[in-house]
Each structure stands twice: as structure tokens, then as C-alpha cells.
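Residue numbers (this note's numbering): 89 to 215. In this text, a Cβ means the ideal position worked out from N, Cα and C, and glycines have one as well. Keep in mind the model is a prediction, meaning the values are calculated, not measured. What follows is a single structure, written as C-alpha cells, with notes after it.
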Amino acid sequence: ANPAACECLDPQPVCDICVNDTYVVNNPTAVLPGGGTSTCAEVFGAGKSGFLKPSDCGLIQFVAPATCECGELTNETGPYEACYICGTMNDMPNPNNTDISIPTTNLTCGAAYEAGVGGFLDAASCG
Numbered sequence: 089a090n091p092a093a094c095e096c097l098d099p100q101p102v103c104d105i106c107v108n109d110t111y112v113v114n115n116p117t118a119v120l121p122g123g124g125t126s127t128c129a130e131v132f133g134a135g136k137s138g139f140l141k142p143s144d145c146g147l148i149q150f151v152a153p154a155t156c157e158c159g160e161l162t163n164e165t166g167p168y169e170a171c172y173i174c175g176t177m178n179d180m181p182n183p184n185n186t187d188i189s190i191p192t193t194n195l196t197c198g199a200a201y202e203a204g205v206g207g208f209l210d211a212a213s214c215g
């Protein structure tokens, strides 16, 4: 789906928390050290969608590969192929509209984008 309410835009700078842009998070529920509560899946999606500050990217890349078990897609976790609610990986929802809900997924635009990029949204929900 390409929800008009999400106002898809060109991407912001990408932060590949797994360092290698072909690697995925194989432990999506792990929490990154540092006192926060963000899971690897959430941070992976935020990085791919341009929601991580460049100044934070390097620090996250230092701890994420081991904590998140970054690597090739494994069958044990079963994530979906990455999908993009805005049609391509080069477009993302307007950050100001990330709280608008998409009825078919019960997710906000931002959450649906992050879930899709991270491989946690099935193709039917992604559109």
C-alpha cells in the first residue's frame, strides 16, 4: 500500500546498524545495551528509514552486530523479505506523519515502514 496520508518522501541518510547493507537482524527482540528499551528490530528499521542521527550511527554499529546477531537471513527467525510501504526503498513516510494509522495493519506509518524494512511485515500488509 502507498497510503497518501503517509506522504512518502525521499529518504534521509541511512544507517545500517549491521554495518553490511546486505545483513539483517537475526535476533529482532534483543535490546541494545546502553539503558534504552529499543529492540534490534526497531533500531534496524529506524536506521534503514533515516530516523537515526548520523552521530548515533557509529556508536550503534559498534554494539549492534553482536547483540542483534547480524548476518545473512537465517531460517530460524523467519522474517519476511523487506518491503516498502512507499513502494521502493528510496522513499519513506514523511517523519511528521508517522503517527497516522494505516487501517490494514493497525500500525502507524512510521511503525509500518520500520516493520517492512526490517522484514517484520508480510507482503499482503505491505501492499
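**Classification of K136 by the beta-carbon crowding that lies within 10 angstroms, buried from 16 upward** = Buried, because 16 or more other Cβ atoms sit within 10 Å of the Cβ of K136.
Can you list, in chain order, the residues of its chain with a C-beta nearer than 8 Å to that of P121? Leave out the 5 residues immediately preceding and following it.
If we look at P121 and ignore the five residues flanking it on each side, its Cβ neighbours are V151 and T155.
- [ ] Using beta-carbon positions only, say whether C214 and I148 come within less than 8 Å of one another.
- [x] For C214 and I148, no; Cβs fall outside 8 Å.
* Asked: Which partner residues does G124 have in the DSSP bridge list?
  -> DSSP, once it has assigned bridges, lists no residue as partnering G124.
**Prompt:** Between which two residues does the alpha helix (DSSP H) carrying I148 extend?
**Reply:** Run containing I148: P142 to T155, per the alpha helix (DSSP H) assignment.
Fill in: C197 (DSSP reduced to helix, strand or coil)
Here C197 sits in helix by DSSP.
Note down the Cα distance separating C158 from N115, rounded to an integer number of angstroms.
Whole-angstrom Cα-Cα distance: 8 Å.
Would you mind giving the Cβ-Cβ distance between A170 and G207, rounded to the nearest angstrom? I have them listed as a contact below 8 Å. Between G207 and A170 the Cβ distance is about 5 Å, and since that is below 8 Å, they are a contact.
Checklist entry - Tell me which same chain residues have a C-beta within less than 7 Å of the C-beta of P101, skipping the five on either side of it? => result When the five nearest sequence neighbours on each side are left out, the beta carbons in the same chain lying within less than 7 Å of the beta carbon of P101 are those of G138 and P142, in order along the chain.
Under the DSSP definition of a beta bridge, which residues are partnered with C158? Listed as beta-bridge partners of C158 by DSSP are V113.
For V119: DSSP bridge partner residues
Beta-bridge partners of V119 (DSSP): T127.
To which residues of the same chain is V103 closer than 6 Å at the C-beta, ignoring the five residues directly before and after it?
Residue identity check: residue 103 is Cys in the sequence provided, not Val. For C103, where only same-chain residues beyond five positions count, the Cβ hits under 6 Å are G135, L140 and C145.
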